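Residue numbers (our numbering), protein chains in the order written: chain A, 1 to 189; chain B, 1 to 379; chain C, 1 to 101; chain D, 1 to 121.
Cβ coordinates follow ideal geometry from the N, Cα and C atoms, glycine included.
Keep in mind it's a predicted model, so treat the numbers as computed, not measured.
Below: the structure, in C-alpha cells.
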C-alpha cells in the first residue's frame, strides 16, 4: 500500500460521499460549493493518474469557470431553500435506476473489463503499452502536456476547430436567451 | 547515542525527498506569513510619507524603536484579542469558511514559486521549487482561479446587500482580468517553449540579448509584461481596482461584516497572492532568482573556491533567494505606490478596461508575437 | 491488487450513479444541472483512467472536449434558468407543463 | 542523484499546513477574544441606520453575462496553452489552426459586445 494509492482511494471515496452530500443539500450555494470540492478532488485524482494538464484544466475550467457561472446565477437569483423540494419516485424511475445499477455493475465486473480490454486489443492497443497515437511526434511519458498537445493538434484537429464553433454558438445563444427582455426588466445593478 | 544518530542519518538519507520537500514548504510558508504584516507596516509608512505624515513609528522591540517595526507584531496581537462575533443573519458555516479559503489558497499557491535553482546536500540534488508539476505555472493559475470563491462566499454568507454586491463585483472583476492574464503569458510560453518556471529562468540567463542586455522576458515581450502587471493589480483587488471594497460606495464590500482575525485572514490571503503573482512576474519576465549577467552555474563556480563544493551551492541558493526577494519587493513597492497615487476606477470603467481594451490588446499581442516568433524561428 | 486507473473506473461508476440519482430525484432544474456536472465529471474520470490504462493520450484529449461541451451546456442551461425564473418565478421542473398536450 | 517524490505530495502537505495556520488563527481568535454580543452589534451593518429590505433579492443579469464571456475565453486560453507548448513542433500549421480558432471566438466576442452585454450603467 503506497502513499499515492492510499491517497487516491481516500480522495475517490471522499468524492463519492461528497456527491451524495451534494444531491441532498437544500441551499443551492452549499451544493455548488460541495461540487467545487468534488471537482478539486477529481483534479487531484487526475494528477495521481499522471494526467497533469488534465488536472490543471479541471481546476481552471471546471472549478474556476463553469462553477463560477453556477455560483453567479445562484447568487443573482437568490433562491431561498424553501423553494426546493424532493420529488417522489415514479415506477419509470425505479426501472431506470434498476437498469443503471445493472449496467454499472456489469461494466464494473471482470466481464465488463474483459469486454473493454478485448475491444482495445482488437484496435491494436495492448494494455499498459505506450503508444503515441497515429501521429509522428514522440515525447517522453513525463512530458504529459506535450503529449496531450500533440494528440490534440494532430489526431483531433477537426474536433478542436469544431469546438470553437460550439463555444461561439453557446455564448451567442446564452446571451440571446438571458438578455431577451432586459429592456423591460430594469434590474438593480 | 551513536546508534540513534546513525539511525537519524539513515532516515534522512533514505527519505531525503520528503524531508527536503517539507523544508521547502516550511520556508515558503514562513515567507508568505511574513509578507502580510510587513507589507501592512510598509504601506502605512509609505502612505504617511506620500501624505507628509509620520505614520506608525512608535512601537519598537526591547526598547528600540526601529522605525516602528514592532507595529506588525502589535497589530497581530491586537487582532487576536478582538471580539470574534458572527452576525445574526449570516450563514454560519460559510461565514466561517469564507476567510479561511483565500488564506489557504494564498499559502498553497506560493508553493509553486521557485525559491532558487538547486542545492546539493550529501550528494542529493534538491530542486528549490516546492511544487514542480509538469503543468508548470498553470498550477498558479488554477489556484488563483479558485480565489474567486472566498470573495463570493464572503459576500453571500454575510447576508448583507452591500457585502453581496461587493463580493459579486469583486469576483466578476477577478474573472474578467484572469483572461487577459492568461493571454498575456501565452507568448512567453512559446518563446521559452516550456511551462516550467525553472526552465523559463534558465532560458533567461543562458544568453545575452543584443550582446549586452540580460535575456529577460520583459525585453522579449514588453506588452505582455505591461498587460500582466495591470491584470495582477486587478486580480489581487488592489487599487486602482479595489472598488469591490470601496469605502465610499459599498462601505467595505464583501468585508463589511467581518472583524478581528477573520478580517485579517482575507488580507493574509491577499498579500500572499500579491507575493505569488509578483514572484511569477519576476520569474517569467525578470529572470527570477538569477543575478543579471551572472547565471547560477557561474555563481556556483565563483563561490566554490571560497567555500567547498556543497556549501557553495547553499550560499548561491541563499543569494538567489535574496535576489528574488529584492525583485519581488520592488513590485510590492509598486503596489503600494499605486495605491496612494492613483484614483479608483468606476465599476463600468473597470469592466470596460478589462473587456474592451485589455482583452483585444492581449489577443493582438498574442497574434503579433506568434508571427514574430514564427518568422524568427520557423523560417 | 487493483491499479490506480482500475480503481478510478470504479469510482467513476459510483460517481455516475450518484449523479444519476441526483438528476432523477431532484425536481429543481438547478440541482438537476449540478447533478449533470457530476455525471460529466464521472465520465471525465473514466476517460482519464482509460487513457492511463491504454497508454494513449486519446482519453485526455476527449476529456477536454467533454469539458468544452460541459461549459456550453452550463452556459445555455443557466441562461434558460434565468429566463424561466423571469417568466415563471419558479425553476421547478414539474411547473413547466406548458408544452404538455 | 536526484531526490524525487510524487509531485502532488507537497501540495497535500502545504494544504494541511495552510489549513492549520488559517484554522488555528480563527480558533485562537475565537478563544482569546471577549464575548459581549448585543443586538445592535449582531445586526446588519448599513452605515449605522436600520437595514432597509433584505439582501436576498435578485441582482443584475450582467454578472451572468460577464461569466459567460469568461467561460468562452477561459476554455480558449486552456486550449491555446496546449498549442503554445508545441509551438516549435507544430510550426506554421499550428499558427494557422489557432488563428482560425481564435477568429471564431472573436466573432462570438464581437457579438456579445455589440449586444451591449458589457455596458454597465
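Does DSSP put residue i in a helix, in a strand, or in coil?
{"i": "residue 119/B", "result": "strand"}
{"i": "residue 90/D", "result": "helix"}
{"i": "residue 75/B", "result": "helix"}
{"i": "residue 92/C", "result": "strand"}
{"i": "residue 28/C", "result": "strand"}
{"i": "residue 84/B", "result": "coil"}
{"i": "residue 101/D", "result": "helix"}
{"i": "residue 301/B", "result": "helix"}
{"i": "residue 210/B", "result": "coil"}
{"i": "residue 266/B", "result": "helix"}
Taking Cβ-Cβ distances shorter than 8 Å, what residues in chain C pair up with residue i?
{"i": "residue 20/A", "result": "18"}
{"i": "residue 71/A", "result": "Neighbours of residue 71/A on chain C: none; closest Cβ ~11 Å, over 8 Å."}
State yes or no: is the C-beta of residue i within less than 8 Å of the C-beta of residue j?
{"i": "residue 274/B", "j": "residue 332/B", "result": "yes"}
{"i": "residue 15/A", "j": "residue 42/A", "result": "yes"}
{"i": "residue 378/B", "j": "residue 92/D", "result": "yes"}
{"i": "residue 57/A", "j": "residue 78/D", "result": "yes"}
{"i": "residue 276/B", "j": "residue 109/B", "result": "yes"}
{"i": "residue 211/B", "j": "residue 105/B", "result": "no"}
{"i": "residue 32/B", "j": "residue 107/B", "result": "yes"}
{"i": "residue 142/B", "j": "residue 195/B", "result": "no"}
{"i": "residue 97/D", "j": "residue 166/A", "result": "no"}
{"i": "residue 63/C", "j": "residue 41/C", "result": "no"}
{"i": "residue 68/C", "j": "residue 163/A", "result": "yes"}
Measure the C-alpha to C-alpha separation of residue i and residue j and round it to an integer number of angstroms.
{"i": "residue 156/B", "j": "residue 163/B", "result": "7 Å"}
{"i": "residue 45/A", "j": "residue 61/C", "result": "17 Å"}
{"i": "residue 208/B", "j": "residue 214/B", "result": "5 Å"}
{"i": "residue 128/B", "j": "residue 16/B", "result": "13 Å"}
{"i": "residue 85/C", "j": "residue 366/B", "result": "40 Å"}
{"i": "residue 229/B", "j": "residue 105/A", "result": "53 Å"}
{"i": "residue 41/B", "j": "residue 148/B", "result": "26 Å"}
{"i": "residue 271/B", "j": "residue 75/A", "result": "27 Å"}
{"i": "residue 300/B", "j": "residue 146/A", "result": "32 Å"}
{"i": "residue 13/D", "j": "residue 19/D", "result": "10 Å"}
{"i": "residue 26/C", "j": "residue 78/C", "result": "16 Å"}
{"i": "residue 133/B", "j": "residue 7/C", "result": "23 Å"}
{"i": "residue 9/A", "j": "residue 87/C", "result": "46 Å"}
{"i": "residue 15/C", "j": "residue 65/A", "result": "21 Å"}
{"i": "residue 54/A", "j": "residue 10/C", "result": "19 Å"}
{"i": "residue 48/A", "j": "residue 4/A", "result": "7 Å"}
{"i": "residue 36/B", "j": "residue 265/B", "result": "10 Å"}
{"i": "residue 13/C", "j": "residue 263/B", "result": "42 Å"}
{"i": "residue 61/A", "j": "residue 303/B", "result": "46 Å"}
{"i": "residue 31/C", "j": "residue 151/B", "result": "23 Å"}
{"i": "residue 88/B", "j": "residue 158/B", "result": "9 Å"}
{"i": "residue 172/A", "j": "residue 30/B", "result": "47 Å"}
{"i": "residue 21/B", "j": "residue 8/D", "result": "11 Å"}
{"i": "residue 76/C", "j": "residue 101/B", "result": "29 Å"}
Taking C-beta pairs closer than 7 Å, name the residues in chain A that residue i reaches, listed in chain order.
{"i": "residue 43/C", "result": "What residue 43/C touches in chain A: nothing, since even the nearest Cβ is about 11 Å away."}
{"i": "residue 104/D", "result": "164, 165 and 168"}
{"i": "residue 48/C", "result": "46, 49, 51 and 54"}
Could you pull out every residue in the same chain whose Cβ sits closer than 7 Å to the Cβ of residue i, ignoring the five residues on either side in sequence?
{"i": "residue 27/B", "result": "115"}
{"i": "residue 18/C", "result": "38"}
{"i": "residue 284/B", "result": "185, 188, 200 and 217"}
So, for residue i: in the same chain, excluding its five sequence neighbours on each side, which residues have a beta-carbon less than 8 Å away from its beta-carbon?
{"i": "residue 259/B", "result": "82, 83, 84 and 85"}
{"i": "residue 355/B", "result": "176"}
Sorted by chain position, which residues of the same chain lie with C-beta nearer than 6 Å to residue i's C-beta, five sequence neighbours on each side aside?
{"i": "residue 94/D", "result": "83"}
Which residues in chain D have a C-beta closer than 9 Å to the C-beta of residue i? List them in chain order.
{"i": "residue 78/C", "result": "64, 67 and 68"}
{"i": "residue 29/C", "result": "Within chain D, no residue comes near residue 29/C; the closest Cβ sits about 15 Å away, beyond 9 Å."}
{"i": "residue 113/B", "result": "The contacting residues do not exist; residue 113/B stays about 12 Å from chain D at best."}
For a contact defined as C-beta to C-beta under 7 Å, what are the partners of residue i on chain D?
{"i": "residue 75/C", "result": "68 and 71"}
{"i": "residue 71/C", "result": "71 and 75"}
Anything in chain B within Cβ reach of residue i, meaning under 9 Å, just list it in chain order.
{"i": "residue 63/A", "result": "142, 145, 146 and 149"}
{"i": "residue 36/A", "result": "146 and 149"}
Could you name the residues of chain B that residue i contacts, counting a contact when the two beta carbons are closer than 8 Å?
{"i": "residue 56/A", "result": "133, 135, 138, 139, 141 and 142"}
Output, in chain order, the set of chain A residues within a Cβ distance shorter than 8 Å of residue i.
{"i": "residue 52/C", "result": "49, 50 and 51"}
{"i": "residue 4/C", "result": "4, 5, 8, 48 and 49"}
Interface residues of chain B around residue i at Cβ under 7 Å?
{"i": "residue 144/A", "result": "134"}
Should residue i be listed as close to the ligand NAP, given that the test is whether its C-beta is under 7 Å from any heavy atom?
{"i": "residue 99/B", "result": "Among the components modelled here there is no ligand, and therefore nothing to report on the ligand NAP."}
Give me the chain C residues within the contact set of residue i, using Cβ-Cβ distance strictly less than 7 Å, ordered along the chain.
{"i": "residue 61/D", "result": "82"}
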